[in-house]
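Just so we're aligned, residue 123 is where the sequence shown starts under the numbering used here, counting upward by one.
Backbone N, C-alpha and C fix where the C-beta goes; we use that ideal spot for every residue, glycine too.
Values in this document were obtained by computation on a predicted structure and should not be read as measured data.
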Amino acid sequence: MTFIKYAKIAFGVALACALSACNPAVVVEVSADNGQQYTATAPKKNTEMDQFINELISKMTIEEKVGQLHLLSSDWDQTGPTLSADYQQQIKAGKVGAVFNAYTASFTRELQTLAVEQTRLGIPLLFGYDVIHGHRTIFPISLGEAASWDLQSIKAAARIAAIEASAEGIHWTFAPMVDISRDPRWGRVSEGSGEDVFLSVEIAKARVQGFQGDDLMATDTVLACAKHYAAYGQAQAGRDYHSTDMSERELWETYLPPFKASVDAGVASFMTAFNDLNGVPATANNYLLQDILRQRWGFSGFVVTDYTSINELVPHGLAEDLPHAGQLALNAGVDMDMQGAVYSKHLPELLAKGKVSETQIDNAVRRILEMKYKLGLFADPYRYSDDQRQAVQVYKAEHLAAARDGARKSVVLLKNDNKVLPLSPKQSIALIGPLADSKADMIGSWSAAGDRQTKPVTLREGLQQRLGADAKIYYAKGAGYEFNDTDQSGFAQAIAAAKKADVILLAMGEKWDMTGEAASRVELGFPGTQEALMHELKKLGKPMVLVLMSGRPMTINWANDNLDAILHTWYAGTQGGHAITDVLYGDYNPSGKLPVTFPRHVGQIPIYYNMKNTGRPYEPEGPEQKYRSRYLDSSNQPLYPFGYGLSYTSFAYSAVTLSSTQLSSAGEIIASVTLTNTGDLAGEEVVQLYIQDKTASVTRPVRELKGFQKIMLGKGESKTVQFRIKAADLAFYDLAMDYVAEAGEFNVFIGADSTTSNQAVFRLTDTVQLPSAMAVKQFQRRDIQ
Ligand code: NOJ
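Take a look at the structure:
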């Protein structure tokens, strides 16, 4: 049908040429950094696609062009402040190029029909959606997945999300979210991979590859979108949408690498962030969008704004009015306007006034049409809206099994005194807390089309299924978890349940919508009456185990001091209740490690492991206590450090050995440890390698993660674990913002978390300047236009 339409408007481009356009890019090697190849992608000369798109653009009116730049939400879901009642009318009028928050094969087909059948050129819509940690089958929230440190599992989760979403008509996911954040007050810390650059880079690549697969032309792959570009994770005071102001070094060293890694992995699109960065909001930031993303990194996909963020240039104080905002955004390099309708309303008049050029508009249109072409939508606009595939794929048994496995891997055992865990099926249980039997909470925020009412398996259900009909599970909700909950009338029932049981199992934490977008907090303790109930239950003197659910690090000092065991389970997803039960009973031995530091107090924030040392580092054992970098009323130390997590077995690390204590700029050394499982059970350990540049021309962090390996060992088994270290792993930005590895001494640490003191020393013999696609110095930044 579509083909006929294109034939009708005199395009001599055959179906076969659309189908043959599945090689999106040629990889051009630029340089090597951080031990990996950094590449820039240059579009492959695809004359068929180019010809098709050039001819199409030549037929388009200015209104049809700006229509392609307009992304509009359906009314099926609301993920921002505004909705347009007339989106279907606008589609029919050719004023919309892409739709989000619309899914199912039938609904996307219905909307696609409006675009294909009722507009003059019949250009298919692109359907986007926030498929973040699963589409229908929901995996643990992204921060939870990061706690698995299991890249294969994370990639597989993204793959399954793409399979389900694409079967329901989705072409494009607004993921991965690759914002580093070191502020757990910010609710969106739940959506990323935590505080660390190395881990976030690896996970960004895994997720892009998982969503996009090997071939965009395959109907089970979706376009990925690296967001929110850039530095959104450092919102001042942890308040969402707040401004960021940071040094160039901090930007390039900490916040940009996961975005660069996404480009290298072939990500199809970028989303601009809401925040102001160093005085220029990201959505009008020429430096970010043109200088870095297009010119330096060679990104050839398209850039979409976040929700109405062009409009927000006015309250930011950068634009006088909406036309001015549209001008700034287009000139900065934004291709597509999400929900704000600034482009569709104002670009024609801006063009007429000479404030923007038609070439700029054409370039933006071209980048969007290219993606539609690469997805095969010009050949068949309905190829993703497939009822049969939808019926087979969503909630498929193997997807549910993968979600259960992913959830088990994400669980972090924070405390386990006297081996209270794993539990024995013979023990009777008092299951207490507002999260014990709540389906809605189990899948967390940004759960796409995940069902919150019926599908998620609660902890209560998981326990009942594992323990059978005769199980002694005494359940009481007991406490409230809303911020304003003060009612303690449920305590009596909870205490009565606890009195009957051998073990008190608490399922407590945050309500699901206390994390995610617009979910900043100033206190990070247990909301409502939960902790008060814990205090009462403690008086019974029974073993107490906490299953903690939250999307961020919480301050849980009392629980840590008073409970016997704590499992952090994040929001574990559709199969959460089964997965947590697997861990509680030892059917799965926990292996997760924290991707983010847990503070003791909100006042310690930002707290992260790879900080600088200061000139007056605090040494608790040192002679001088006063004039040191410390708090009067708290330890400097976190409650749980980055990389931390226990197992039901134990592991011993040998001393670190080095193949040589001298590393030349062209050479490599091997750092090794022997890991031994010294406990009674098989288990997995994430072996972590950190490096510290002891003295450099610019001060360096106390240590930085540079490698990790997840190792499974049977009881009593040992394995030698090796890491290669090259000069590129030691590089940083010097004062001139050159990317260099400087001669001198380095500490290398290998151990179970970021506090390990298992250490050796080597020397880099010569300074080397690395050719770098991340290099800052070599290009000029331009003023905003
Ligand atoms: C706003 C959020 O910041 C972004 O992450 C999301 O993708 C869009 N809304 C669309 O829902």
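If I measure Cβ to Cβ from residue i and keep anything under 6 angstroms in the same chain, skipping five residues before and after, which residues do I get?
| i | result |
| --- | --- |
| HIS700 | ARG526, VAL579 and GLY584 |
| ASP875 | PRO763, GLY765 and TYR766 |
| VAL135 | A caution first: VAL135 carries a pLDDT of 36, below 50, which makes its placement in the model too unreliable to give a value. |
| ASP318 | LEU827 |
| GLN891 | ASP860 and VAL862 |
| VAL718 | GLY316, GLU317 and PRO675 |
| SER466 | VAL188, HIS192 and LYS217 |
| CYS144 | At CYS144, the pLDDT of 30 sits below 50, so the modelled position is not reliable; the number obtained from the coordinates is stated separately. Excluding sequence neighbours, CYS144 sits near ASP337 and MET339. |
| ALA519 | none |
Which residues in the same chain have their Cβ closer than 8 angstroms to the Cβ of residue i, if we skip the five residues on either side of it in sequence?
| i | result |
| --- | --- |
| PRO66 | This structure leaves residue 66 out entirely; the chain is present only between 123 and 907. |
| ALA279 | HIS255, GLY256, PHE261, GLU267, GLY332, ALA524, ALA525 and GLY528 |
| ILE617 | GLU658, LEU659 and LEU662 |
| THR779 | ALA793, SER794, VAL795 and ALA882 |
| GLU232 | none |
Do residue j and residue i have their beta-carbon atoms positioned less than 9 angstroms apart in this structure?
| i | j | result |
| --- | --- | --- |
| TRP198 | MET859 | no |
| PHE222 | ILE254 | no |
| LYS715 | TRP271 | yes |
| LEU835 | ALA804 | yes |
| MET636 | PRO649 | yes |
| LEU469 | GLY448 | yes |
| LYS664 | ALA619 | no |
| LEU273 | LEU497 | no |
| ARG258 | ALA654 | no |
| GLN586 | GLY600 | no |
| GLY355 | ILE302 | yes |
| SER550 | LYS594 | yes |
| LEU522 | THR696 | yes |
| VAL344 | ILE292 | yes |
| ARG588 | PRO712 | no |
| THR800 | GLY829 | no |
| VAL330 | VAL425 | no |
| ARG371 | TYR855 | yes |
| GLY439 | PHE392 | no |
| TRP308 | SER642 | yes |
Can you tell which of the options has its C-alpha closest to the C-alpha of residue i?
| i | options | result |
| --- | --- | --- |
| THR427 | GLY401, LYS594 and GLN461 | GLN461 |
| ALA500 | PHE845, TYR855, GLY866 and PHE174 | Strictly speaking, residue 500 in this sequence is Phe, with Ala absent from that position. Closest option to PHE500, Cα to Cα, is PHE174. |
| ASP683 | GLY695, LYS660, THR696 and MET671 | LYS660 |
| PHE845 | VAL862, THR821 and GLY873 | GLY873 |
| ALA451 | ALA616, PHE396 and GLY498 | PHE396 |
| GLN510 | ALA853, THR226, GLY725 and ARG488 | THR226 |
| LYS214 | ARG242, PHE381, ALA207 and GLY423 | ARG242 |
| VAL514 | TYR855, LEU797 and ASP342 | ASP342 |
| VAL402 | SER384, GLU372 and LEU435 | LEU435 |
| THR576 | TYR517, GLN747 and MET299 | TYR517 |
| PRO445 | PRO298, SER288, GLY476 and VAL724 | GLY476 |
| MET117 | ASP362, ALA357 and ARG361 | Any question about residue 117 goes unanswered here, given that the chain covers just 123 to 907. |
| THR204 | ASP457, ARG281, TYR707 and SER431 | SER431 |
| ILE179 | THR800, ASN799 and ARG488 | ARG488 |
| ASP539 | GLN211, HIS364, ALA687 and ALA359 | ALA687 |
| TYR409 | SER264, TYR351 and SER819 | TYR351 |
| HIS690 | SER611, VAL669 and LEU248 | VAL669 |
| TYR504 | THR169, GLN240, LEU248 and ASP802 | LEU248 |
| LEU265 | PRO547, ARG310, SER228 and GLU286 | ARG310 |
| ASP802 | GLN652, ALA777 and TYR770 | TYR770 |
| MET733 | TYR363, ASN758, GLY725 and GLN747 | ASN758 |
Please list, in chain order, all residues of the same chain as residue i whose beta carbon is under 7 angstroms from its beta carbon, the five residues on each side excluded.
| i | result |
| --- | --- |
| THR887 | GLN784, LEU785, SER786 and ALA865 |
| LEU852 | ILE813, ASP815, ALA863, PHE868 and LEU886 |
| ILE833 | LEU797, GLU806, GLU807, VAL809, LYS841 and VAL843 |
| ASN407 | LEU399 and ALA454 |
| TYR429 | THR201, GLY202, MET460 and GLN461 |
| PHE613 | GLY600, LEU655 and GLU658 |
| SER288 | THR341, ASP342, THR343, VAL344 and TYR506 |
Quick one: is residue i near chain B, going by C-beta distance under 9 angstroms?
| i | result |
| --- | --- |
| LEU585 | This model lacks chain B altogether, as it is built from one protein chain only. |
query = Okay, do the region 177-191 and the region 482-489 touch, 3+ Cβ pairs below 8 angstroms being the bar?
reply = yes
ask   = Quick one: any contact between the region 593-612 and the region 530-540, if contact means 3 or more CB pairs under 8 angstroms?
value = no
key: Stretch pair the region 737-751 + the region 322-332: three plus CB contacts closer than 8 angstroms   = no
request  = Could you tell me whether the region 564-577 touches the region 838-852, using the rule of 3 or more Cβ pairs below 8 angstroms?
outcome  = no
message = I want to know whether the region 542-556 touches the region 625-642 - three or more CB-CB distances under 8 angstroms.
response = yes
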